[in-house]
DNA sequence: ATAATATGTTAGATGCATCTAATATTTTAA
DNA sequence: TTAAAATATTAGATGCATCTAACATATTAT
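Chains as they are written, first to last, in my numbering: chain A, 10 to 226; chain B, 10 to 226.
Given below as structure tokens:
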């Protein structure tokens, strides 16, 4: 097991590499709020441990071993967030910092049990997929209604909450899985969204509701 | 906030001082599985931070500040253990190592919520009192039936479980709060205990049941 | 009361993770 | 295409937490 610091480096390299494939020392330094030489010296150490491939003045890439570790940490982070919300009843906005700490807990039993209690969830509440215990991601990120720009057309594929009250709410609005909608207006002020429905009706959804509706464009 | 290492030193000093009041470098070194000079140099550092009072060749004592930190950690440890058992359904024997990690989580919200979910518990499942959020311990350790030697007489004062099935079990055995019992025999093999009841009947309790019954001698 | 034993301290080194200051390389722009 | 700007590396230092080897103080036992 690597140190806490090492785990944070791995996680950041992974996150930054998602966009570009390669990560630069300066990006990492910024993300981790340390100076360039700290990153440089850490990369040397991590390279000898075969966690990253790293050549001077070139970009940083995770090795397979590094990627596996990154995914294990991400799995723990996302399971922890979901657990804090669903089981412990904490607010979505307050769980990130706690999950940042819980992701470093070293106990397969602990996370096995969380996974069980949550019924082997596939996505966290942001639609991000949760890697399985072998570090495999089986599905792509889901897109929520709140991720779409005005004017786009999308099909509703799923919803996060399976609580009756939430489904009742959607029914009352006349929305169902499979419906095709157009994003008419996104309100910057409160994040609410107006949809154009196939039935020609306009439907207003609050941010809170819209973020729980998954779509395909 | 101190480092993880520092927190572990504080906790160990507190635990060792419970018996004797003073702690010796060699005891600490043994408990933490480090060499004497490591303890010595850590004590110097912790003394400058006013966490311990420490004079060369004399014993180590926690300051008020140190005690407060120790109790905060112990509170978190005991709440975590109880949470892992009661809420997450883990076995009592497997939670200690996880709690050793969770006790270092820095989030008052997290522990506030655990405390709520457990209904502000006063004791952990071993009868150890849980300090309150100000680091005050209001009650002494409780004694369980399994802590008593053969021949002792004791009064039953409380039980851990308030599940109906457990209380039914005690009823069926003819035991109630307030009953006076004598420890007749402790079976080393399986930890079961035979009681002499006031009704003259002999009652056999398994270890599992006996450890949940609190007594006063 | 002194020698032997146990316990504790100092000195000096190591690895991790960080920093500042100085230097080198790469990219970009004049 | 060379100078300026941006980015990266090396050198050398610091604090934490640990170690071994050498030395110091207490305790105990003869």
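All residues carry an ideal CB built from backbone N, CA and C; glycine is no exception.
Measuring CB atoms only, is the stretch 27 to 43 of chain A touching the stretch 77 to 85 of chain A, in the sense that at least three cross pairs come out at less than 8 Å? no
How would you call residue 119/B, buried or exposed, if buried means at least 16 neighbouring beta carbons within 10 angstroms? To locate residue 119/B, count along the second chain from 1; it is residue 110. Flag for residue 119/B reads buried.
Alpha carbon to alpha carbon, what distance is there between residue 115/A and residue 90/B? Taking the first residue of the second chain as 1, we reach residue 90/B at position 81. Taking the first residue of the first chain as 1, we reach residue 115/A at position 106. C-alpha separation (whole angstroms): 16 Å.
Which residues in chain B have a C-beta closer than 8 Å to the C-beta of residue 103/A? List them in chain order. In the first chain, the residue the question calls residue 103/A occupies position 94. Residues of chain B passing the Cβ test: 118.
Name, in chain order, the residues that DSSP records as bridge partners for residue 212/A. Against the first chain, residue 212/A aligns to sequence position 203. Paired residues: 204/A.
Using CA coordinates, which residue listed in 97/A, 56/A, 157/A, 176/A is at the minimum distance from residue 123/B? Within the second chain, the letter at position 114 stands for residue 123/B. Here the closest residue by C-alpha is 97/A.
Would you mind telling me which residues of chain B sit closer than 9 Å to residue 122/A, beta carbon to beta carbon, in chain order? As a first step, residue 122/A is located in the first chain; it is residue number 113 there, counting from the start. Those are 93, 97, 98, 99, listed as they occur along chain B.
Which residue comes first and which comes last in the alpha helix (DSSP H) that contains residue 221/A? Taking the first chain and counting its residues from 1, one reaches residue 221/A at position 212. Premise fails: residue 221/A is in no alpha helix (DSSP H) and is neither H nor E.
Taking the beta strand (DSSP E) that residue 63/B falls in, what are its first and last residues? In the second chain, the residue the question calls residue 63/B occupies position 54. Unbroken beta strand (DSSP E) run through residue 63/B: 61 to 63.
Please report the straight-line C-alpha distance between residue 110/A and residue 86/A, rounded to a whole angstrom. As a first step, residue 110/A is located in the first chain; it is residue number 101 there, counting from the start. As a first step, residue 86/A is located in the first chain; it is residue number 77 there, counting from the start. Their backbone Cα atoms lie some 8 Å apart in a straight line.
For the putative contact between residue 212/A and residue 160/A, defined by C-beta atoms under 8 Å, what is the C-beta separation to the nearest angstrom? Locating residue 212/A in the first chain gives position 203, where the first residue counts as 1. Locating residue 160/A in the first chain gives position 151, where the first residue counts as 1. No, residue 212/A and residue 160/A are not in contact; Cβ-Cβ is about 16 Å, not under 8 Å.
Using alpha carbons as the reference points, say which of 55/B, 50/B, 39/B, 28/B lies closest to residue 19/B. On the second chain, residue 19/B is found 10 positions in, with the first residue counted as 1. Checked all of 55/B, 50/B, 39/B, 28/B; the closest Cα to residue 19/B is 55/B.
Closer than 8 Å, Cβ to any Cβ of chain A: which residues of the stretch 127 to 149 of chain B, in chain order? none
Which runs of the beta strand (DSSP E) spanning at least 3 residues fall entirely within the stretch 26 to 83 of chain B, listed in chain order? 61 to 63, 69 to 71
Given a threshold of 16 other Cβ atoms within 10 Å of its Cβ, counted over all protein chains shown, does residue 183/B qualify as buried or as exposed? Along the second chain, read from residue 1 onward, the residue named residue 183/B stands at position 174. Burial call: exposed.
Expressed to the nearest angstrom, what Euclidean distance is found between the alpha-carbon atoms of residue 153/B and residue 135/B? Reading the second chain from its first residue, position 144 is the one you call residue 153/B. Reading the second chain from its first residue, position 126 is the one you call residue 135/B. Whole-angstrom Cα-Cα distance: 8 Å.
Sort 70/B, 26/B, 219/B, 104/B by Cα distance to residue 176/B and report the nearest one. The sequence position of residue 176/B within the second chain is 167, counting from 1. Residue 176/B has its Cα closest to that of 219/B, out of 70/B, 26/B, 219/B, 104/B.
Do you know whose CA, among 156/A, 217/A, 140/A, 141/A, lies nearest residue 178/A's CA? Translated into the one-based positions of the first chain, residue 178/A becomes position 169. Nearest of 156/A, 217/A, 140/A, 141/A to residue 178/A, Cα basis: 217/A.
For residue 66/B, does the count of other Cβ atoms within 10 angstroms reach 16, so buried, or fall short, so exposed? Residue 66/B sits at position 57 when you count from the first residue of the second chain. Flag for residue 66/B reads exposed.
Under 9 Å, Cβ to Cβ, is there at least one residue of chain A near residue 49/B? The sequence position of residue 49/B within the second chain is 40, counting from 1. No, because no Cβ of chain A sits closer than 9 Å to the Cβ of residue 49/B.
Is any beta-carbon of chain A found at less than 9 Å from that of residue 17/B? Residue mapping note: residue 17/B aligns to position 8 of the second chain, counting from 1. Closer than 9 Å: no.
Indicate the three-state DSSP secondary structure (helix, strand or coil) for residue 153/A in the structure shown. In the first chain, counting from the first residue as 1, residue 153/A sits at position 144. Residue 153/A: strand per DSSP, three-state reduction.
Residues bridged to residue 168/B by DSSP? For the purposes of this step, residue 168/B is taken as the residue at position 159 of the second chain. Per DSSP, 222/B.
Would you check if the distance between the CB atom of residue 164/A and the CB atom of residue 224/A is smaller than 9 Å? What you label residue 164/A is simply residue 155 of the first chain in a count that begins at 1. What you label residue 224/A is simply residue 215 of the first chain in a count that begins at 1. It is a contact, given that the beta carbons lie within the stated cut-off.
Quick one: residues in its chain with C-beta nearer than 8 Å to the C-beta of residue 16/B, no 5 flanking neighbours on either side, listed in chain order? Taking the first residue of the second chain as 1, we reach residue 16/B at position 7. Closer than 8 Å at Cβ, skipping near neighbours: 78, 82, 112, 113.
Option nearest residue 137/A by Cα separation, candidates 150/A, 40/A, 74/A, 145/A: Numbered from its first residue, the first chain carries residue 137/A at position 128. Comparing Cα positions, the closest option is 150/A.
Are the C-beta of residue 218/B and some C-beta of chain A separated by less than 9 Å? Residue numbering aside, residue 218/B sits at position 209 when the second chain is read from its first letter. Chain A contact via Cβ: absent.
Residue 59/B and residue 72/B: beta carbons closer than 9 Å? Numbered from its first residue, the second chain carries residue 59/B at position 50. Numbered from its first residue, the second chain carries residue 72/B at position 63. Cβ atoms of residue 59/B and residue 72/B: closer than 9 Å.
Are the C-beta atoms of residue 82/B and some chain A residue less than 9 Å apart? If you number the second chain from 1, residue 82/B lands on position 73. Residue 82/B does not count as touching chain A.
Please give me, in chain order, every unbroken run of the alpha helix (DSSP H) with length at least 4 that falls completely inside the stretch 87 to 156 of chain B. 105 to 111, 117 to 126
Out of 209/A, 106/A, 157/A, state which residue places its alpha-carbon closest to the alpha-carbon of residue 222/A. As a first step, residue 222/A is located in the first chain; it is residue number 213 there, counting from the start. Nearest C-alpha to residue 222/A: 157/A.
Name the residue from 94/B, 23/B, 88/B whose alpha carbon lies nearest to the alpha carbon of residue 74/B. Here residue 74/B is taken as the residue at index 65 of the second chain, counted from 1. Out of 94/B, 23/B, 88/B, 23/B has the C-alpha closest to the C-alpha of residue 74/B.
Is the beta carbon of residue 215/A sitting closer than 9 Å to the one on residue 186/A? In the first chain, residue 215/A corresponds to position 206, counting from 1. In the first chain, residue 186/A corresponds to position 177, counting from 1. The answer is no: Cβ separation not under 9 Å.
Contact set for residue 100/A: own chain, Cβ-Cβ below 8 Å, skip 5 residues either direction: In the first chain, the residue the question calls residue 100/A occupies position 91. Result list for residue 100/A: 94, in chain order.
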